[in-house]
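S.K.: Okay, so the sequence shown: first residue is 3 according to the numbering used here, each after it adds one.
Cβ atoms here follow ideal geometry from the backbone N, Cα and C, with glycine treated the same way.
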Amino acid sequence: YTMFLPGPAAVAAAGGGGAGAGASLLTEAAAGGGALSALAQPLRSLEGVRDEVIAEVHRAPERRVDNTITRLYESSRLLHMHLATCEEARRRFARERIAQWVLSLGLLAGGQVGALAGVTQGLPLSSMALLSALSVAAAGLGALHARRTLRQTEASLSSQHGLDACFTHTHQRAVADGDQFATALWARAAPTVRAAVNTIGLGNLPHVSAANLARVKKVWTDDVVALRRLSAPGVAGVRSSSPPSTPKLN
Numbered sequence: 003y004t005m006f007l008p009g010p011a012a013v014a015a016a017g018g019g020g021a022g023a024g025a026s027l028l029t030e031a032a033a034g035g036g037a038l039s040a041l042a043q044p045l046r047s048l049e050g051v052r053d054e055v056i057a058e059v060h061r062a063p064e065r066r067v068d069n070t071i072t073r074l075y076e077s078s079r080l081l082h083m084h085l086a087t088c089e090e091a092r093r094r095f096a097r098e099r100i101a102q103w104v105l106s107l108g109l110l111a112g113g114q115v116g117a118l119a120g121v122t123q124g125l126p127l128s129s130m131a132l133l134s135a136l137s138v139a140a141a142g143l144g145a146l147h148a149r150r151t152l153r154q155t156e157a158s159l160s161s162q163h164g165l166d167a168c169f170t171h172t173h174q175r176a177v178a179d180g181d182q183f184a185t186a187l188w189a190r191a192a193p194t195v196r197a198a199v200n201t202i203g204l205g206n207l208p209h210v211s212a213a214n215l216a217r218v219k220k221v222w223t224d225d226v227v228a229l230r231r232l233s234a235p236g237v238a239g240v241r242s243s244s245p246p247s248t249p250k251l252n
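Spelled out as structure tokens, the structure:
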């Protein structure tokens, strides 16, 4: 109702030139004097607002495309952050697991090799048997210690503090620069990362290669830019010297 511009008689007098033309004629007539003169300025303002609303309606498809591209950009950044943080947590846990099991196996293998060397050198067999038994016992205790240490390490890495440390390591430059966008993205990604780590377990997380991370990063560094050039080829900042090609989304 507030967008209605009265004056059907003026529209007819204008030969059907449209509501805008009729409203213009009406405001010109009203400006001549009388009680209607007070409506001239409000009608002109209303006509301007009406034109702005119509222009925004015509721009709705363009805004939908731009919003879709923006969602693609944010989703690719979130996915990359999710993968990079999970991979860093998995890598730290795997490194600790290898270190613990190497220690246990080293105790076992060292004792057995020492006992065998002693036997070949003619040392008492009973002493070498005792050395072999002690190495087996040490390896068993080392395995128990390794299991307990790995449980503690997994709990520490799966906590919010541990995941924050992994995020800080994988996004050192963004954190150092005080990138608020990256911090806001991590606030959105952190709950899903923690849920995935606690549900699947650090020991069962699949390995994410550098090539996979590069493919995800290519979406926002190359594909999103190409899509913006296609959607708005004449906008400053996305104009290219050659015609844009259709991007290939991986």
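Whole angstroms is fine: what's the gap from Arg65's alpha carbon to Ser77's?
M.R.: C-alpha separation (whole angstroms): 18 Å.
S.K.: If distances are taken between C-alpha atoms only, which option among Leu74, Val67, Arg149 comes closest to Trp103?
M.R.: The residue with the shortest Cα to Cα distance from Trp103 is Arg149.
S.K.: Closer than 8 Å by C-beta to His171: which residues in its own chain qualify, once you throw out the five before and the five after it? Chain order, please.
M.R.: Cβ neighbours of His171 beyond the five flanking positions: Glu90.
S.K.: When you compare only the Cα positions, how much space is there between Asp181 and Lys219?
M.R.: One C-alpha to the other measures close to 17 Å.
S.K.: Does DSSP put Val59 in a helix, in a strand, or in coil?
M.R.: Three-state DSSP puts Val59 in a helix.
S.K.: Under 9 Å between the Cβ atoms of Gln174 and Arg196?
M.R.: No.
S.K.: Less than 9 Å between the C-beta atoms of Leu204 and Ser160, yes or no?
M.R.: Closer than 9 Å, so yes.
S.K.: Please report the straight-line C-alpha distance between Ser137 and Arg93, rounded to a whole angstrom.
M.R.: Whole-angstrom Cα-Cα distance: 30 Å.
S.K.: For Ala140 versus Leu110, is the C-beta spacing smaller than 9 Å?
M.R.: Cβ atoms of Ala140 and Leu110: closer than 9 Å.
S.K.: State the CB to CB distance for the pair Thr87 and Leu165, rounded to an integer number of angstroms; the pair is presumed to be in contact (CB under 8 Å).
M.R.: 6 Å between Cβ atoms; contact.
S.K.: Please identify the residue among Thr185, Leu133, Ala96 whose C-alpha is closest to the C-alpha of Thr155.
M.R.: Nearest C-alpha to Thr155: Ala96.
S.K.: Suppose you measure from the CA of Leu232 to the CA of Arg217; what does that come to, to the nearest Å?
M.R.: Rounded to the nearest angstrom, the two C-alpha atoms are 21 Å apart.
S.K.: Measuring only the C-alpha atoms, how far is Phe183 from Ala145?
M.R.: In a straight line, the C-alpha of Phe183 is about 44 Å away from that of Ala145.
S.K.: For Leu133 and Ala192, I'd like the C-alpha separation in whole angstroms.
M.R.: Between Leu133 and Ala192, the C-alpha separation is close to 50 Å.
S.K.: Write down the C-beta distance between Leu152 and Glu98 rounded to the nearest angstrom, noting that I regard them as a contact closer than 8 Å.
M.R.: Their Cβ separation, rounded to whole angstroms, is 7 Å, which keeps Leu152 and Glu98 in contact under 8 Å.
S.K.: Can you name, in chain order, every residue of its own chain whose Cβ lies under 7 Å from the Cβ of Ser106, other than the five neighbours on each side?
M.R.: So the list reads Ala141, Gly144, Ala145, Ala148, once near-sequence residues are dropped.
S.K.: Take Leu85 as the anchor and find which of His209, Ala228, Val227 has the nearest alpha-carbon.
M.R.: Among His209, Ala228, Val227, the Cα nearest to that of Leu85 is on His209.
S.K.: Nearest to Met83 by CA position, among Trp188, Ala57, Leu229, is which residue?
M.R.: Of Trp188, Ala57, Leu229, the residue nearest in Cα terms is Trp188.
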